[in-house]
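Have a look at the structure below, then the notes.
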Amino acid sequence: MSSDRREFMKLAGATAAIAGTAWAATPAAAQMAGQFKAVKALAFDAYGTLFDVFSVTALCEQLYPGKGNQLAQIWRVKQLQYSLMRSLMGRHRDFWGLTEDGLVFAAKNLNLDLTADKRKQLMEAYLSLAAFPDVKPGLEALKKQGVKLAILSNGEPNMLEAAAKSAGIRDLLDDIISVEEVKIFKVSPRVYNLAPERLKVTNPELGFISANSWDINGAASAGLNTFWIQRSAAEAPEELGFQASAVVKAITDLAPLLRG
Numbered sequence: 003m004s005s006d007r008r009e010f011m012k013l014a015g016a017t018a019a020i021a022g023t024a025w026a027a028t029p030a031a032a033q034m035a036g037q038f039k040a041v042k043a044l045a046f047d048a049y050g051t052l053f054d055v056f057s058v059t060a061l062c063e064q065l066y067p068g069k070g071n072q073l074a075q076i077w078r079v080k081q082l083q084y085s086l087m088r089s090l091m092g093r094h095r096d097f098w099g100l101t102e103d104g105l106v107f108a109a110k111n112l113n114l115d116l117t118a119d120k121r122k123q124l125m126e127a128y129l130s131l132a133a134f135p136d137v138k139p140g141l142e143a144l145k146k147q148g149v150k151l152a153i154l155s156n157g158e159p160n161m162l163e164a165a166a167k168s169a170g171i172r173d174l175l176d177d178i179i180s181v182e183e184v185k186i187f188k189v190s191p192r193v194y195n196l197a198p199e200r201l202k203v204t205n206p207e208l209g210f211i212s213a214n215s216w217d218i219n220g221a222a223s224a225g226l227n228t229f230w231i232q233r234s235a236a237e238a239p240e241e242l243g244f245q246a247s248a249v250v251k252a253i254t255d256l257a258p259l260l261r262g
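Numbering (our numbering), first residue to last: 3 to 262.
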């Protein structure tokens, strides 16, 4: 896990005490071998799972020396908070808009001069976020097994398309599914129910993948098979009552797991 992500987890209120539980320590290959042979399609979270939201940190630091890391951290926290708050308020705004709102808040919070040009540069960085190293080889291996692959994300369709193309993975995806179809953000079950419908599979035939434990809990609550990408053993699962069906360290672990 990058230092950026560790700091974000602290800022967001996540705990960094863990190691030791038998559940998290069990190798993925040994977890219920053969259980997932029925899975025909996988839906992936985008931000924090496929795309590294903290790849904007370098630009933040370039534009605001000495403040870039703080800016990136607060920006991400507010982005997530606003998605949850707007869902509860029943006041939907697409993810591009609330990402901009989060940036404006973060800049004001740090007393930074967010000029129109700097705002434009930072927002456009979200269209070309770096993919994690395990993403492309992991998706390629799954594609070779004939598994349908999709993104299921809070993201707005145009920003998801741009990020997937920039990362060189668009051709590996059968679909990109956005919450804009239902106008509410995760963790609403309405979002997770989009994936089986769009991919034309049943719930037991679908797996949902995220590196965000809160997202895994939401999908599991909606009745999906869930695969948590726990990139650090020091990251604890959320206490929301719904464990992942399996825990892996990287997307490249999924193809062997599905083969059983």
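For each residue, glycine too, the CB sits at the ideal point set by N, CA and C.
Three-state secondary structure assigned by DSSP to THR23: Confidence is the limiting factor: at THR23 the pLDDT is only 38, short of 50, which leaves the residue's position unreliable, though a coordinate-based value still follows. Three-state result, THR23: coil.
Reduced DSSP category for LEU226 - H, G, I as helix; E, B as strand; rest coil: coil
Rounded straight-line distance, which links the Cα of LYS120 to that of LEU65: 7 Å
DSSP-derived helix/strand/coil call for SER130: coil
C-alpha gap between GLY68 and ALA236, whole angstroms: 27 Å
N-terminal and C-terminal residue of the beta strand (DSSP E) that GLY209 is part of: 208 to 212
Separation of ARG95 from LEU248, as counted between CA atoms: Leu is not the amino acid found at residue 248; the sequence shown has Ala there. If you take the alpha carbons of ALA248 and ARG95, they lie about 33 Å apart.
Proximity winner among ALA169, LYS110, ALA224, ILE178, relative to LYS188 (alpha-carbon distances): ALA224
Contact belief for ALA45 with LEU162 at Cβ below 8 Å, rounded distance in angstroms: The Cβ separation is near 13 Å, so there is no contact.
Exposure label - LEU196; buried when at least 16 CB within 10 Å: buried
Whether LEU174 touches LYS145 by CB criterion (8 Å): yes
Identified DSSP bridge partners for ALA248: PHE229
Beta-carbon proximity of VAL137 to ILE253, cut-off 8 Å: yes
Run of the beta strand (DSSP E) containing SER180, from where it starts to where it stops: 177 to 180
Cutoff 7 Å; reference ALA19; Cβ partners in own chain excluding five residues on either side: In this prediction, ALA19 scores a pLDDT of 36, lower than 50, which makes its location untrustworthy; the coordinate-derived value is nonetheless stated afterwards. Same-chain partners within the cutoff: ALA238.
Alpha helix (DSSP H) runs contained entirely in the segment 49 to 108, provided each spans 4 or more residues: 59 to 65, 70 to 91
Rounded separation between LEU61 and PRO191 - CA only: 35 Å
8 Å Cβ cutoff met for VAL58 and LEU124: yes
Span separating the alpha-carbon of GLY157 from that of ASP177: 14 Å
Secondary structure of LEU116, DSSP reduced to three states: coil
Inter-residue CB distance, ALA169 and PHE53 (contact presumed, cutoff 8 Å): 7 Å
Pick from ALA40, PRO258, VAL55 that is closest to ASP47, judged by C-alpha positions: VAL55
Whole-angstrom distance between ILE211 and THR228, CA atom to CA atom: 6 Å
Euclidean distance between Cα positions of ILE171 and PRO159: 15 Å
Length of the line joining the Cα atoms of LEU141 and PHE244: 26 Å
DSSP three-state assignment for LEU44, whether helix, strand or coil: strand
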